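Below is one structure; the comments refer to it alone.
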Amino acid sequence: GAVVSQHPSRVICKSGTSVKIECRSLDFQATTMFWYRQFPKKSLMLMATSNEGSKATYEQGVEKDKFLINHASLTLSTLTVTSAHPEDSSFYICSAVRRGGPYEQYFGPGTRLTVT
Amino acid sequence: LAKTTQPISMDSYEGQEVNITCSHNNIATNDYITWYQQFPSQGPRFIIQGYKTKVTNEVASLFIPADRKSSTLSLPRVSLSDTAVYYCLVGVYSGGGADGLTFGKGTHLIIQP
Numbered sequence: 085g086a087v088v089s090q091h092p093s094r095v096i097c098k099s100g101t102s103v104k105i106e107c108r109s110l111d112f113q114a115t116t117m118f119w120y121r122q123f124p125k126k127s128l129m130l131m132a133t134s135n136e137g138s139k140a141t142y143e144q145g146v147e148k149d150k151f152l153i154n155h156a157s158l159t160l161s162t163l164t165v166t167s168a169h170p171e172d173s174s175f176y177i178c179s180a181v182r183r184g185g186p187y188e189q190y191f192g193p194g195t196r197l198t199v200t
Numbered sequence: 190l191a192k193t194t195q196p197i198s199m200d201s202y203e204g205q206e207v208n209i210t211c212s213h214n215n216i217a218t219n220d221y222i223t224w225y226q227q228f229p230s231q232g233p234r235f236i237i238q239g240y241k242t243k244v245t246n247e248v249a250s251l252f253i254p255a256d257r258k259s260s261t262l263s264l265p266r267v268s269l270s271d272t273a274v275y276y277c278l279v280g281v282y283s284g285g286g287a288d289g290l291t292f293g294k295g296t297h298l299i300i301q302p
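Written out as structure tokens, the structure reads:
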């Protein structure tokens, strides 16, 4: 199968601090990884597309200086929430598309971020 | 960007077949149709993907009419554990990027005993 992991699964941080979330494709190489956020009882909202070796593409309304994305290899992408505020508290989910197809996303288990 | 429309919620009973329909009137020629299942506080799980006609796997079937403006996810003999939110996603991946990754509101399926 195609397994995607996220670390940490839960994190609580204080307002003003930065938090890094890792997304790894464990048994396949991913040309593209995506980052979503999801508020309670709401749908997933795409934040950015992360391509290995190039800058991430952010969706409209998502601050690239606040949500730093690094895609260092074909199996790892990181999302850093800088200067976190309580309104950044959310469920962050990554997904990966396998290099060479098929054209389906494999999702990670998600990271619950709580900013106090 | 193909927008999707699904019923907000559906109810059924254990052992029944459940059909969830998704409308995507402006689907593009290269777009695939993919369905995901999501439980609370978990990432979505891939269920099935198709381009046209009918696709079947061990957990579901996907029916796509000739005009591809809609699709129906069919879950045979549901159980309580099938209670979840189901998302229909229409889009395509190309050249390292992606198009159509806009999740709709999803369908909250509730299975009762």
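Each protein sequence line maps, in turn, to chains A and B.
So the first sequence is residues 85 to 200, counted in the numbering used here.
So the second sequence is residues 190 to 302, counted in the numbering used here.
Ideal placement from N, C-alpha and C gives every residue a C-beta, glycine not left out.
Remember, it's a predicted structure, so these values are computed and weren't measured experimentally.
Exercise. Exposed or buried, which one is B:ILE253 when buried takes at least 16 other CB atoms within 10 Å?
Worked result: Working through the second sequence from its first residue, we reach residue 253 of chain B at position 64. Classification for B:ILE253: buried.
Problem set entry | Contacts of A:TYR176 in chain B (Cβ-Cβ under 7 Å) | Reading the first sequence from its first residue, position 92 is the one you call residue 176 of chain A. Within 7 Å Cβ-Cβ: nothing; A:TYR176 doesn't reach chain B, min ~10 Å.
Exercise. Candidates A:ILE105, A:THR115 and A:LEU110: which alpha carbon is nearest A:VAL181's?
Worked result: Within the first sequence, the letter at position 97 stands for residue 181 of chain A. Looking at the Cα atoms, A:THR115 is the closest of the given residues.
For this session: Inspect the CB distances between the stretch 262-272 of chain B and the stretch 201-221 of chain B and report whether three or more fall short of 8 Å.
Result: yes
Exercise. Which residues mark the beginning and the end of the beta strand (DSSP E) in which A:VAL146 is found?
Worked result: The sequence position of residue 146 of chain A within the first sequence is 62, counting from 1. Per DSSP, A:VAL146 belongs to no beta strand (DSSP E) and is neither H nor E.
Problem set entry | Cβ shell of A:CYS178 (< 8 Å), same chain only, five flanking positions each side left out | Locating residue 178 of chain A in the first sequence gives position 94, counting from the first residue. For A:CYS178, where only same-chain residues beyond five positions count, the Cβ hits under 8 Å are VAL88, GLN90, ILE105, CYS107, MET117, PHE118, TRP119, TYR120, SER161, LEU163, PHE191 and GLY192.
For this session: Establish whether the CB of A:GLY145 and some CB of chain B are separated by less than 8 Å.
Result: The count along the first sequence starts at 1 and reaches residue 145 of chain A at position 61. So no, A:GLY145 is outside the interface.
For this session: Leaving aside the five residues before and after A:ARG94 along the sequence, list all residues of the same chain whose C-beta is less than 6 Å from its C-beta, in chain order.
Result: Indexing the first sequence from 1 puts residue 94 of chain A at position 10. These residues qualify, in order along the chain: ARG196.
Exercise. Can you find a CB in chain B that lies within less than 8 Å of the CB of A:TYR142?
Worked result: To locate residue 142 of chain A, count along the first sequence from 1; it is residue 58. Chain B, which has no Cβ nearer than 8 Å to the Cβ of A:TYR142, makes this no.
For this session: Assign B:ASP304 to one of three DSSP states: helix, strand, or coil.
Result: Because chain B is modelled from 190 through 302, residue 304 of chain B falls outside the range shown and cannot be assessed.
Problem set entry | CB contact check: B:GLY285 to chain A, cutoff 8 Å | As a working mapping, residue 285 of chain B is identified with position 96 in the second sequence. Here the model assigns B:GLY285 a pLDDT of 46, short of 50, so the residue's position is not dependable, and the following value carries that caveat. So, interface residue.
Exercise. Buried or exposed: which applies to A:HIS155, given that a residue is buried once 16 or more other Cβ atoms fall within 10 Å of its Cβ?
Worked result: Translated into the one-based positions of the first sequence, residue 155 of chain A becomes position 71. Buried, since its Cβ has 16 or more Cβ neighbours within 10 Å.
Exercise. Does any CB atom of chain B fall closer than 8 Å to the CB of A:ARG196?
Worked result: Here residue 196 of chain A corresponds to residue number 112 of the first sequence, with the count starting at 1. A:ARG196 counts as touching chain B.
Exercise. Thinking C-alpha only, which one of B:GLN301, B:ASN219, B:THR218 and B:THR296 is nearest B:PRO233?
Worked result: Counting from one through the second sequence, the residue named residue 233 of chain B turns up at place 44. Among B:GLN301, B:ASN219, B:THR218 and B:THR296, the Cα nearest to that of B:PRO233 is on B:THR296.
Exercise. Quick one: what's got a C-beta closer than 6 Å to B:SER268's C-beta in the same chain, skipping five residues either side?
Worked result: Within the second sequence, numbered from 1, the residue matching residue 268 of chain B stands at position 79. Closer than 6 Å at the Cβ level, and outside the excluded window around B:SER268, lie GLU203.
For this session: Determine the direct distance from the alpha carbon of A:CYS97 to that of B:LEU251, and round the result to whole angstroms.
Result: Locating residue 251 of chain B in the second sequence gives position 62, where the first residue counts as 1. Locating residue 97 of chain A in the first sequence gives position 13, where the first residue counts as 1. Their Cα atoms are separated by approximately 43 Å.
Problem set entry | Contacts of A:PRO193 in chain B (Cβ-Cβ under 7 Å) | By one-based count along the first sequence, residue 193 of chain A stands at place 109. GLN231 and GLY232, listed in chain order.
Exercise. Hey, out of B:GLY293, B:TYR276 and B:GLY280, whose CA is closest to B:VAL228's CA?
Worked result: Counted from its first residue, the second sequence places residue 228 of chain B at position 39. In the sequence as presented, Val is not what sits at residue 228 of chain B; that position holds Phe. Here the closest residue by C-alpha is B:TYR276.
For this session: Identify, in the order they occur along the chain, each residue of the same chain with its Cβ nearer than 6 Å to the Cβ of B:GLN301, setting aside the five sequence neighbours on each side.
Result: Numbered from its first residue, the second sequence carries residue 301 of chain B at position 112. Hits under 6 Å: TYR202.
For this session: Within the same chain, show all residues whose beta-carbon is closer than 7 Å to that of A:LEU130, passing over the 5 residues directly before and after it, in chain order.
Result: Taking the first sequence and counting its residues from 1, the one referred to as residue 130 of chain A is at position 46. Counting only Cβ-Cβ distances below 7 Å, and skipping sequence neighbours, we find PHE118, TYR120 and GLU143.
Exercise. Under the three-state reduction of DSSP, which class applies to B:SER230: helix, strand or coil?
Worked result: Working through the second sequence from its first residue, we reach residue 230 of chain B at position 41. Residue state, collapsed to three classes: coil.
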